Structures are given as structure tokens and as C-alpha cells.
Amino acid sequence: MERDKLIHVPLLKKKWNIFAYILFALPIPVLIVLFFIDVKLSSDGVADLVYSFWAMGASIMILTEENKEDERLKHFRLQAFQTGFYWLIWGLAVLIVVHLVGNVGGLPISGPKISAPLVMFLLSFYVLAALKYQVWKSNKVDEQSSK
Amino acid sequence: MKNSLKVERAKKDMTQQDLADQIGVSRQTINSIEAGKYVPSTVLALKIARCFDVAVERIFELEENE
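Protein sequences appear in the order of chains Z and P.
Quick note on numbering: the first sequence equals residues 510 to 656 in this note's numbering.
Quick note on numbering: the second sequence equals residues 137 to 202 in this note's numbering.
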């Protein structure tokens, strides 16, 4: 199964990280340009635009290879997708509860509108956070044992 | 799972980097295995054993509660 091309996830070269960092910063100049060419965006539109760029940036970082890609990093990446999805379920559940309480309960609370860019952003951000956390923790063990 | 990787490495006077280069993984992976923070796959365990020319169970051993 491991060599099945259909389920194989190809990784990007390390230099793609630069493109990811550009995508993280890009919403600001895009919003400035939209303002000057008089394109009116609602607050939800602005949020979706920012979420979309950040989701793309985070997705690229998840799929970019580390210095030495070996089975430990592959294991970290697999675990990151599992943990990221698990966190997404909880994150969305909290948002749904906030919306329910705001709409049905009549309390003056509201969360961000649940949209595809928001879900993509949350998922990619959680997966990236889980991946970087594992790499950081592993490097910490490395530093401690080398002392 | 406990392992005697550090001992085997010391016997052959190998650094973590030497071993990592020989079996095609990062030095951090060797370090994580030695520290017991990462359990290698069967393939990697066999590669390590082959590198030291010993049986895999001489390096990797299940603990009593496993």
C-alpha cells in the first residue's frame, strides 16, 4: 500500500516555505489594493480573504519537506493530520455551540461565520501546529541529551 | 520498548551521525530512538541490527509491561 501512487502524498521542496510566508503577509497589500480600486468587501468577505491566504500558506508549510525526511518525520506528519482533524472537530463544535446559544438562547454572543475558508484555515493551522509541536518537542529531547 | 543502541554504538565507536548516515535517517531520529521517544519501524530496526551485525532482539527488547 505504501507505494500506491493513488494515495501517495508528494512533498514540496524546502524553498516553497518562502512562498508560504509571502502568502501569510499577502492579505494586507491585497486589502489595500482592493480599497484603492474601490472594491467594497463586507467584514465576512475580508475575513474569508484572510482565512483563504493563511490556509494556503499553512497548507504549503505542512506539505513542505523538512531538512531530512525520514520515517520519524513521516510519522510526525501522519500524527499531525490525525491530531489536527481531532482539534478541528472540537474547534467547530465550540463555534456551533456559540452560534446555537447566540441564535436559540437569545444571548448577545456570536462567533465568526462558519465558512469553507474558515474551516480550511482552522484545519491547516491545527495540522501545522501539531506538526511543529512534535518537531520542537523532538528537538528539545535532542538538545537535552546532547548536554 | 528499551534498546541498547547507545551501547552498541559505543562498542563500534560510532557517533549518532555516523549511524544516521549509514542507515539513511537524520541524527535526531537516532537520538529519539536512544532516548526511547521514538519506536522505529521494523525495517529501520532491521537496518540498525544489520549495521551492528547482531540480531534485532539484541538491540530492541520489550519491557515487562508491554
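In this text, a Cβ means the ideal position worked out from N, Cα and C, and glycines have one as well.
None of the values given here were measured: they were computed from a predicted structure.
Within the region 571-585 of chain Z, the residues whose Cβ lies closer than 9 Å to some Cβ of chain P are Glu575, Asn576, Lys577, Glu578, Asp579, Glu580, Arg581, Leu582, His584, listed in chain order.
Residue pairing for Asn139 (chain P): DSSP places it in a beta bridge opposite P:Phe196.
Considering only Z:Phe545, Z:Asp547, Z:Ala639, Z:Ser568, the residue with the shortest C-alpha distance to Pro626 (chain Z) is Z:Ser568. At a C-beta separation below 7 Å, Thr165 (chain P) has these neighbours in chain Z: Asp579, Arg581.
Leaving aside the five residues that flank Leu640 (chain Z) on each side, the residues in its chain whose CB is nearer than 7 Å to its CB run, in chain order, Ile571, Phe585, Arg586, Ala589.
If only uninterrupted alpha helix (DSSP H) runs of at least 4 residues are considered, those enclosed by the region 573-622 of chain Z are 580-612. Within the region 605-631 of chain Z, no residue has a Cβ lying closer than 9 Å to any Cβ of chain P. Rounded to whole angstroms, the gap between the alpha carbons of Lys173 (chain P) and Ser647 (chain Z) is 8 Å. Secondary structure at Leu520 (chain Z): coil, using DSSP grouped into helix, strand and coil.
With respect to chain P, the C-beta atom of Asp547 (chain Z) has no partner C-beta closer than 7 Å. Taking 7 Å as the CB threshold, Ser162 (chain P) lines the interface with chain Z. DSSP, reduced to helix, strand and coil, places Asp553 (chain Z) within a helical segment of the structure shown.
Apart from the 5 residues on each side of it in sequence, Ser619 (chain Z) sits with its Cβ closer than 8 Å to the Cβ of Val607, His608, Gly611 in its chain, given in chain order. Between Phe630 (chain Z) and Tyr560 (chain Z), the gap from beta carbon to beta carbon is short of 7 Å.
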